[in-house]
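Enquirer: Right, I'll just put the structure down here and ask away after.
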Amino acid sequence: MLRIFCIILTFFSFAAHTAEKQDVLILGGGVGGVSAAIYLARAGYKPIVIEGKNPGGLISQSHLVQNWPGEKEIAGYDLFIKLKEQAEACGAVFYSESVKSVDFSKRPFQIVTTSTSKEDTEKKYLASSCIIAMGTTPNFLNVEGEKTYWGKGITNCAVCDGPLYIGKTVGIVGGSDSALTEAEYLSKLAKKVYIFVRKDKFRTVEKERESSVLAKDNVEVLFNTEVKKIVGDDARVQKVVVQDHGALKEVQLDGLFLSIGSKPNTKIFQNQLKLDEKGYIALKPQEYQQTSVEGVYAVGDIVDPVFKQAITAAGDGARAALEAKEFLAEKNRQL
3 MLRIFCIILT FFSFAAHTAE KQDVLILGGG VGGVSAAIYL ARAGYKPIVI
53 EGKNPGGLIS QSHLVQNWPG EKEIAGYDLF IKLKEQAEAC GAVFYSESVK
103 SVDFSKRPFQ IVTTSTSKED TEKKYLASSC IIAMGTTPNF LNVEGEKTYW
153 GKGITNCAVC DGPLYIGKTV GIVGGSDSAL TEAEYLSKLA KKVYIFVRKD
203 KFRTVEKERE SSVLAKDNVE VLFNTEVKKI VGDDARVQKV VVQDHGALKE
253 VQLDGLFLSI GSKPNTKIFQ NQLKLDEKGY IALKPQEYQQ TSVEGVYAVG
303 DIVDPVFKQA ITAAGDGARA ALEAKEFLAE KNRQL
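Read left to right, the sequence shown gives residues 3 to 337 (the working numbering).
Below you can see the structure in the form of structure tokens.
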């Protein structure tokens with residue numbers, strides 16, 4: 003009897019939730035989304051943040067952050083928790099849900115989510131405005147040890163984590179312009195830089211940069227080479243097993259940087275918003291974080307194929323919140 007009562011109570015609670023219209027809904031709980039939540043909550047709104055399957059986004063997987071203002075060094079997850087607690091103290095509400103679908107063709111906007119613990123549990127939200135902060139998903143090698151040591155010596159951002167490897171040995175996987183850029187940067191910090199290139203040459207249009215990297219004494223390029231396994235001591239990466247011209251060998255290193263690209267998490271927005279040629283959400287020129295739909299804003303890595311920094315995502319979030327605030331105020335003035 004008690005179980006039946008709980009089921010009925012849950013049903014009516016869900017029904018009440020779906021009928022409630024929100025001023026603003028934030029899709030994504032990374033730095034950009036949480037920053038937007040702080041600004042909106044301080045402005046008197048009650049923003050709801052849909053955290054997704056990976057609360058905190060990529061920053062929460064970073065072993066150590068040393069470029070966040072006011073923090074000499076802090077674990078990425080600890081930084082996320084501090085930001086989230088600040089947002090909650092201001093009045094933001096966080097839900098452990100993932101976005102399943104959106105409909106920006108009519109107002110209020112309709113967003114359907116699923117619980118991150120029970121995917122068959124759906125909720126529907128109605129929102130006057132929406133801020134998208136759903137980030138990107140890195141491309142992976144899909145080799146043994148990769149998941150184990152992600153954030154423990156494996157990363158995909160040299161600018162973020164390069165300073166952790168001053169005077170150490172690192173490897174870069176990739177053969178594109180981005181791999182050369184990261185090699186150029188890391189060569190100024192690390193004692194030794196290996197570049198593992200699957201093909202027999204770089205895929206680059208920046209020949210001057212290629213020549214510059216190849217001329218560096220502490221850079222060694224291994225062409226026709228694939229990383230097959232990543233090995234460590236449970237705490238950190240220690241070496242990789244590579245296939246070099248068909249033969250297996252071990253390379254000792256302290257860190258591995260994946261420069262094999264990432265995908266923006268924009269699949270559910272393909273028929274809802276304008277995307278650029280790389281699949282990132284396109285922003286209206288001179289409109290800051292405004293997308294092709296009025297009242298819908300996007301922030302962080304999902305609009306940024308270049309810098310991909312936590313601090314730039316935070317700035318995006320602040321701008322989007324201020325834009326949403328003005329949009330909602332103007333909407334209320336028209337009532």
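Ideal Cβ positions, reconstructed from N, Cα and C, are used throughout, including at glycine.
#1: What span of residues does the alpha helix (DSSP H) with leucine 333 cover, start to end?
#2: With DSSP as the reference, identify every bridge partner of threonine 157, one or two as the case may be.
#3: Helix, strand or coil, according to DSSP, for proline 110 in the structure here?
#4: So, using beta-carbon positions, are glycine 34 and proline 57 closer together than 7 Å?
#5: Which ranges would you report for the beta strand (DSSP E) in the region 21-83 if only whole runs of at least 3 residues count?
#6: Measure the alpha-carbon distance for glycine 317 versus aspartate 122 and round it to whole angstroms.
#7: Pull up the CB-CB distance for leucine 285 and methionine 136, whole angstroms please, since I reckon it's below 8 Å.
#8: Along the chain, which unbroken stretches of the beta strand (DSSP E) at least 3 residues long are found entirely within the region 167-243?
#9: If we ignore side chains and look at the alpha-carbon of each, how far apart do valine 101 and alanine 77 end up?
#10: Buried or exposed for leucine 275, going by 16 or more other Cβ atoms inside 10 Å?
#11: Assign leucine 85 to buried or exposed, taking buried as 16 or more other Cβ atoms, counted over all protein chains shown, within 10 Å of its Cβ.
#12: Which term fits isoleucine 52, buried or exposed, when burial requires 16 or more other beta carbons within 10 angstroms of its beta carbon?
#13: Let me check understanding here. Comparing Cα to Cα, which of Glu332, Glu325, Gln336 and Lys333 lies closest to tyrosine 41?
#14: Quick one: Cα of lysine 327 to Cα of proline 110, how far?
#15: Across which residues does DSSP place aspartate 163 in a beta bridge pair?
#16: Valine 95 and isoleucine 50 look like a contact to me (Cβ under 8 Å); what is the Cβ gap, rounded to whole Å?
#17: Where does tyrosine 290 fall in DSSP's three states?
#18: Can you give the Cα-Cα distance for valine 26 and leucine 81, rounded to whole angstroms?
#19: With DSSP as the reference, please indicate the residues paired to proline 266 in a beta bridge.
#20: Consider the C-beta atom of phenylalanine 225 and the heavy atoms of the ligand HEM; say whether any pair is separated by less than 6 Å.
#21: With a CB to CB cut of under 8 Å and the five nearest residues on each side skipped, what residues in its chain are close to leucine 188?
#22: Where does leucine 128 fall in DSSP's three states?
#23: Tell me whether leucine 285 sits in a helix, a strand or coil according to DSSP, three-state version.
Expert: From the atom records:
#1: It should be noted that the sequence gives lysine, not leucine, for residue 333. From DSSP, the alpha helix (DSSP H) with lysine 333 extends over 312-335.
#2: Phe259
#3: coil
#4: no
#5: 23-29 and 50-52
#6: 35 Å
#7: Between methionine 136 and leucine 285 the Cβ distance is about 15 Å, and since that is not below 8 Å, they are no contact.
#8: 171-175, 194-198, 221-224 and 227-234
#9: 27 Å
#10: buried
#11: buried
#12: buried
#13: Glu325
#14: 16 Å
#15: Aspartate 163 is not bridged to any residue.
#16: 5 Å
#17: coil
#18: 24 Å
#19: Thr138
#20: As for the ligand HEM, it is missing from this structure, which has no ligand bound.
#21: Ala160, Gly164, Tyr167, Val172, Ile174, Val195 and Phe259
#22: strand
#23: coil
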